[in-house]
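Residue numbers (this note's numbering): 7 to 202.
Quick look at the structure:
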């Protein structure tokens, strides 16, 4: 009797790689949007949220986190299995060239997703990124991941993502966006070019 395990099949090509991870990016973006809505509702509301409302919001975020963790684990298992079988992917070559770790690859893929989907906001602050990508609801994980957004971090140092500032209320908020150079390089790699 043959064993069928769809979660562990290999990825054939860059198309499957990108489309596969973009499904996870949809969940990350849904989480980001919900967090923004909840914050805005709290800011606009004259009274404190009821415990029931707070629990409902936490449950919605928790459900999304559960989906992200499951799909993310399956996706990266497929990538590992595919690489071991000799498959090559543009994102993996780019990540190896710039010494990106798994978290940095996820951030890069998320920014590429934001760039190519009809999303009104394709920039993110450090806090927004570490909160969106924290599926364990761990303040320690969030604080640890801030290191990725220092000048020494591979994404910043290699100008894969770049800072954009905007005025928000009284203070300036630094946000990041995918650099044109990184997008151009990735596009060329998808077309078969090597990194120089």
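Just so it is clear, CB atoms sit at the ideal spot from N, CA and C, and this is done for glycine as well.
Since this is a predicted model, take the numbers as computed values, not measurements.
Residues sharing a beta bridge with residue i, DSSP
| i | result |
| --- | --- |
| residue 130 | 182 |
Closer than 7 Å: residue i CB and nearest the ligand HEM heavy atom
| i | result |
| --- | --- |
| residue 49 | For the ligand HEM, the structure offers nothing, since it holds no ligand at all. |
Extent of the continuous alpha helix (DSSP H) to which residue i belongs
| i | result |
| --- | --- |
| residue 154 | Note, residue 154: premise wrong, no alpha helix (DSSP H); not H, not E. |
| residue 47 | 20–50 |
Close-in-space but distant-in-sequence residues of the same chain around residue i (CB under 8 Å, 5 per side omitted)
| i | result |
| --- | --- |
| residue 118 | 24, 184, 189 and 192 |
| residue 109 | 139, 151 and 154 |
| residue 167 | 113, 114, 117, 161, 182, 183, 184, 185 and 188 |
| residue 82 | 108 |
| residue 175 | Per-residue confidence for residue 175 stands at a pLDDT of 47, beneath the threshold of 50, marking its modelled position as unreliable; no derived number is given. |
| residue 165 | 185, 187 and 188 |
| residue 20 | 95, 96, 97 and 196 |
| residue 66 | 40 |
Neighbourhood of residue i by C-beta, 7 Å cutoff - its chain only, sequence neighbours within 5 removed
| i | result |
| --- | --- |
| residue 140 | 147 and 148 |
| residue 32 | none |
| residue 173 | Reliability fails at residue 173, whose pLDDT of 47 lies under 50, so the model's placement of it is uncertain and the value that follows must be treated cautiously. For residue 173, where only same-chain residues beyond five positions count, there are no Cβ hits under 7 Å. |
| residue 27 | 81 and 115 |
Cβ neighbours of residue i in the same chain (closer than 6 Å, five flanking residues each side left out)
| i | result |
| --- | --- |
| residue 151 | 136 |
| residue 106 | 160 |
| residue 22 | none |
| residue 87 | 16 |
Inter-stretch contact (C-beta, 8 Å, three-pair minimum) for the region 61–81 and the region 25–45: They touch, by the three-pair rule.
Report yes or no: do three or more beta-carbon pairs, one from the region 56–72 and one from the region 155–163, lie closer than 8 Å? At 8 Å Cβ cutoff, the stretches do not touch.
Using a Cβ distance threshold of 8 Å, determine whether the region 88–105 contacts the region 187–202, with at least three qualifying pairs required. With contact defined as three or more Cβ pairs closer than 8 Å, the region 88–105 and the region 187–202 are in contact.
Which ranges would you report for the alpha helix (DSSP H) in the region 74–126 if only whole runs of at least 4 residues count? Taking 4 residues as the minimum length, the alpha helix (DSSP H) runs contained wholly in the region 74–126 are 96–103 and 108–122, in order along the chain.
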